[in-house]
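Those protein sequences? They're chains A and B, same order as listed.
With my numbering applied, the first sequence covers 88 to 435.
With my numbering applied, the second sequence covers 88 to 435.
By construction, the Cβ of each residue, glycine as well, lies at the ideal position given by its N, Cα and C atoms.
These numbers come from a predicted model, not from an experiment.
Accompanying notes for the structure given below.
2 protein chains.
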Amino acid sequence: MTPPPRRVTQRDIARMAGVSQATVSLVLNNRTDADVRIAPETRDRVLQVIAETGYAADPAARRLASGFNRIIGVFTYEPAFPSGSRDFFHPFLLGIEEYAERVGCDLLLFTSAPVVDGRRRIFHQDNRLRLADGCILLGREIDGAELLRLNRDGFPYVAVGRRDDAGGPVPYVGADYASAVHRLAERAVELGHRRLTYVGMGTSAESSHDRRSGFHAGATGADSARQINAAAETADATVDDLRADGSTVAFVEDFATAVALEASALRKGLTVPGDLSVVTLGDPTVPVPTDITFTGFRIPREEMGRQAVEVLTGVIDGSAGGLQQRLLPCELVEGDTLGVPGSAADRR
Amino acid sequence: MTPPPRRVTQRDIARMAGVSQATVSLVLNNRTDADVRIAPETRDRVLQVIAETGYAADPAARRLASGFNRIIGVFTYEPAFPSGSRDFFHPFLLGIEEYAERVGCDLLLFTSAPVVDGRRRIFHQDNRLRLADGCILLGREIDGAELLRLNRDGFPYVAVGRRDDAGGPVPYVGADYASAVHRLAERAVELGHRRLTYVGMGTSAESSHDRRSGFHAGATGADSARQINAAAETADATVDDLRADGSTVAFVEDFATAVALEASALRKGLTVPGDLSVVTLGDPTVPVPTDITFTGFRIPREEMGRQAVEVLTGVIDGSAGGLQQRLLPCELVEGDTLGVPGSAADRR
DNA sequence: CACTTCCGCTAATGCGTATTAGCGATCGGG
DNA sequence: CCCGATCGCTAATACGCATTAGCGGAAGTG
């Protein structure tokens, strides 16, 4: 590890322009305060030399001295590769990158975070968190202890997805699952469904909680709104369970489980949505082959990414005020799997 | 912009452990040279305090003092969003991230690079290039002038894709297009094709050059091996041109053009590959809907990303030797669009 | 002409770390 | 018992930049 070759510094520029290093810095930062004056000709001379040499300030030194960087950290919780769930995060990253580009920020991906107990950790011996002005947290389940630490340290951050308080309010940009599921449940009741079942994944994440509460809020007009847990592998048993309960519609948290449910129902001679309606509660997290358009909603992932950066910049420069928590509306998807219960109408 | 709150420093640790700041640094860096000795109990005491406080070194200061960071820059040439070509780059990034994670490096995405003349620029006033130990260049066409500058500055970098010299050899990890196209052309000749046409995009990128030279090298046994340029929009005219020339096989650089050619041929009553064989020379750069499996080859994009990081780390620590240029083999794809010329056999 | 004001700039310092020369203490050998 | 070697550590400095107090000179004021 031989140190990298010496590069042009402000001292060099200063010498060449016949001024002091401080002057170079002042010119570079366009300081035009009342108590800092540089004669136009001096300024031009310095700028001239800068242009000739192609000088660019050392970002590390700059950060050390000023405390800022225009770098946004991105921390992805979900562990390593190759993981299909990556595709789920891609739109978030797209939005993040787009907005970062717009505001002239670079992105620092904390890929070096070690995996402990099957989960990446922000805080490890060598974390380079403080190289960034703030960071964006991405992941289905975010460690509450780490949020707490971020809050305690006063490190600017924003979570993508709503998060419960952790030693203080957590800045986030989330999707309004509660409202989306609420509307879907209401619609099911309007269509005549009397017994509704929520098919969850058994996770305790905030996103699951919001969906469930939206479900119950929207299903107040029904005779029964219960909740079970199931996975794609147990689809057959789940369909039996639904029939036994008399449920005519399933609100399914996991997309793959919804696909499996529909397939199982068909195998059992049922029609969808005639005998059983199936509503999905979010975009697929892993690619699932299907040519059915499920009724459900769309998570505005790209927009969430964009706004996460927007909120973060607000948190960093302290201008955010109270607007550090945003819930974005989800667009409902008019699919082919929610219909009038008991109707013979098969899906097209 | 109020400066961020003061955080724990080595001085704090030193005070708490009753040692000097230098000692903390030495312990932290596990220095065990002959001329640097720390008593085990002192070391433990320092480590104890570090663990209690959760201290992590300031990466900016560290970089400033040592010159290294364990951060890898990633520069993407292709301009902004939302661009479908992004999907083409995704596998590269996947490989890059995977290997970076393995070697404990973070990734710095230079999203702040401004677009000038429709192309992103590495070197701009505020580039944070030097925050990284080195960088990876990604893009269909990379600016030779910028490569030159990187070489001149002695800044470690690696291009993804073969590049011609630019004031010295350019370190790269590329795909061996020449060899892949060579083999495909040979196979076409073996199958009985006597007149071959290379359908290019009219670009001067190294990747195009390599394909063309592979084509001509592999087609030495043919009666004619010519070269034209065409786009998807002019597919009909191109098919006519091919027929007029008597060519029975087209080697098509651009995937979308290949799809259009096949469709046009069918419309004109020709069979593929019976009347006209179509060979594609690379993965789609934009999503093109088709259910045909074209004969061609696969670019090992993920592996290229991985090896790019590997080569870069070698360049950075100077251990790379002469192995700074790698061409990875492409796997041939046995598709349905290359057959015996004149055979009535339609594609399945 | 003395005195204040303002202009244009610089010297000095700090940011937090890595590195090295070298200091005092202890130890071993003769 | 003295001297050199070794051990364990620290003081000092550099890295490149941003920031601020303040300096010398010119201009303005009475």
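Relative to the alpha-carbon of residue 360 of chain B, which residue among B:376, B:342, B:380 has its alpha-carbon at the smallest distance? Scanning B:376, B:342, B:380 for the CA closest to the CA of residue 360 of chain B turns up B:380.
So, do the stretch 397-409 of chain B and the stretch 275-288 of chain B have three or more beta carbon pairs nearer to each other than 8 Å? No, they do not touch.
Please report how far the alpha carbon of residue 176 of chain B lies from the alpha carbon of residue 328 of chain B, in whole angstroms. Between the alpha carbons of residue 176 of chain B and residue 328 of chain B lies a gap of roughly 33 Å.
With 16 as the cutoff for other CB atoms within 10 Å, does residue 251 of chain A come out buried or exposed? Here residue 251 of chain A is exposed: its Cβ has fewer than 16 other Cβ atoms, across all protein chains shown, within 10 Å.
Just to confirm my understanding: we take residue 385 of chain B, look at its own chain, exclude 5 residues before and 5 after, and list those with CB closer than 7 Å. What are they? So the qualifying residues of the chain are 370, 417, 418, 420.
How would you label residue 424 of chain A, buried or exposed, when you count the other beta carbons within 10 angstroms and need 16 or more for buried? With 16 or more Cβ atoms within 10 Å of its Cβ, residue 424 of chain A is classed as buried.
May I ask you to report which of helix, strand or coil DSSP gives residue 249 of chain B? In this structure, residue 249 of chain B counts as coil in the three-state DSSP scheme.
May I ask which residues mark the beginning and end of the alpha helix (DSSP H) holding residue 332 of chain B? Judged by DSSP secondary structure, residue 332 of chain B falls within the alpha helix (DSSP H) whose first and last residues are 322-332.
So which of A:164, A:140, A:174 has the shortest CA-CA distance to residue 228 of chain A? Cα-wise, what sits closest to residue 228 of chain A is A:164.
Report back the beta-carbon spacing between residue 366 of chain B and residue 336 of chain B to the nearest angstrom; my notes put them in contact at under 8 Å. So it is a contact: roughly 6 Å between Cβ atoms.
Where residue 137 of chain A falls: helix, strand or coil (DSSP): In the displayed model, residue 137 of chain A falls within a helix according to three-state DSSP.
Select from the stretch 172-201 of chain B all residues with a C-beta closer than 7 Å to any C-beta belonging to chain A, and list them in chain order. Identification of residues in the stretch 172-201 of chain B having a C-beta nearer than 7 Å to some C-beta of chain A yields 181, 184, 185, 187, 188, 191, 192, 193, 194, 195, 196, 197, 198, 199, given in sequence order.
Please go through the same chain and pick out, in chain order, the residues whose beta-carbon is closer than 7 Å to the beta-carbon of residue 125 of chain A, but skip the five residues on each side of it. Excluding positions up to five away in sequence, the list reads 110, 113, 114.
For residue 222 of chain A, list the residues DSSP reports as bridge partners. According to DSSP, residue pairing for residue 222 of chain A in a beta bridge involves A:160, A:244.
Since residue 210 of chain A meets chain B, which of its residues come closer than 9 Å, beta carbon to beta carbon? The contact set of residue 210 of chain A on chain B, defined by CB atoms closer than 9 Å, consists of 141, 143 in chain order.
Could you tell me which of B:156, B:255, B:200 sits nearest to residue 436 of chain A, measuring between CA atoms? Residue 436 of chain A lies beyond the residue range present for chain A, which begins at 88 and ends at 435; the question has no answer from this structure.
Which residue's Cα is closest to the Cα of residue 243 of chain B: B:394, B:383, B:223? Per the C-alpha coordinates, the member of B:394, B:383, B:223 positioned closest to residue 243 of chain B is B:223.
For a test of the three-state rule: what should DSSP assign to residue 435 of chain A, helix, strand or coil? Confidence in residue 435 of chain A is poor, its pLDDT being 43 and thus under 50, which makes the residue's placement too unreliable to answer from.
Using the beta-carbon of each residue, which ones in chain A are nearer than 7 Å to residue 147 of chain B? Neighbours of residue 147 of chain B in chain A, taken as residues at a C-beta separation under 7 Å, are given in chain order as 147, 150, 151, 218.
List the residues of chain A whose Cβ lies closer than 7 Å to the Cβ of residue 132 of chain B, in chain order. Residues of chain A passing the Cβ test: none, with the nearest at roughly 17 Å.
Rounded to the nearest angstrom, how far is the Cβ of residue 161 of chain B from that of residue 210 of chain B, given a contact under 8 Å? Taking 8 Å as the upper bound for CB-CB distance, residue 161 of chain B and residue 210 of chain B are not in contact here, some 16 Å apart.
Let me confirm a value: residue 169 of chain B is counted as buried when at least 16 other C-beta atoms fall within 10 Å, else exposed. Which label applies? For residue 169 of chain B, the predicted model reports a pLDDT of 49, less than 50, meaning its position is unreliable; a value from the coordinates is still stated below. Looking at its Cβ environment, which holds fewer than 16 other Cβ atoms inside 10 Å, residue 169 of chain B is exposed.
Which residues in the same chain as residue 357 of chain A place their Cβ atom closer than 6 Å to its Cβ, once the five residues preceding and following it in sequence are excluded? Cβ neighbours of residue 357 of chain A beyond the five flanking positions: 363.
Is it buried or exposed for residue 139 of chain B, if we count other Cβ within 10 angstroms and need 16 for buried? Residue environment for residue 139 of chain B: exposed (fewer than 16 other C-beta atoms within 10 angstroms of its C-beta).
Sub-9 Å separation of residue 188 of chain B and residue 392 of chain B beta-carbons: Taking 9 Å as the cut-off, the beta carbon of residue 188 of chain B is found no closer than this to the beta carbon of residue 392 of chain B.
With DSSP collapsed to three states, give me the class of residue 183 of chain A. Three-state result, residue 183 of chain A: helix.
With a cut-off of 8 Å on the beta carbons, I'd call residue 394 of chain B and residue 258 of chain B a contact; round off their distance for me. No, residue 394 of chain B and residue 258 of chain B are not in contact; Cβ-Cβ is about 11 Å, not under 8 Å.
Return the residues of the stretch 111-136 of chain B that lie within a Cβ-Cβ distance of less than 7 Å from chain A, sorted by chain order. Sequence-ordered contacts of the stretch 111-136 of chain B with chain A are nonexistent [C-beta pairs closer than 7 Å].
Would you say residue 169 of chain B faces chain A, with C-beta separation under 9 Å as the test? For residue 169 of chain B, the pLDDT reaches just 49, beneath the cut-off of 50, and the residue's location in the model is therefore unreliable, although a value from the coordinates is still provided. At least one C-beta of chain A is nearer than 9 Å to the C-beta of residue 169 of chain B.
Along chain B, which residues have their Cβ under 9 Å away from the Cβ of residue 454 of chain A? Absent from the model: residue 454 of chain A. The displayed extent of chain A is 88 to 435, so no value can be given.
C-alpha gap between residue 148 of chain B and residue 267 of chain B, whole angstroms: If you take the alpha carbons of residue 148 of chain B and residue 267 of chain B, they lie about 48 Å apart.
Going by Cα to Cα distance, which pick from A:390, A:413, A:100 is closest to residue 181 of chain A? Among A:390, A:413, A:100, the Cα nearest to that of residue 181 of chain A belongs to A:390.
Touch test, the stretch 296-315 of chain A against the stretch 272-284 of chain A, Cβ-Cβ under 8 Å, three pairs minimum: At 8 Å Cβ cutoff, the stretches touch.
Contacting residues, own chain, Cβ-Cβ under 6 Å from residue 382 of chain B (five flanking each side not counted): Around residue 382 of chain B: 366, 422, 424, 425.
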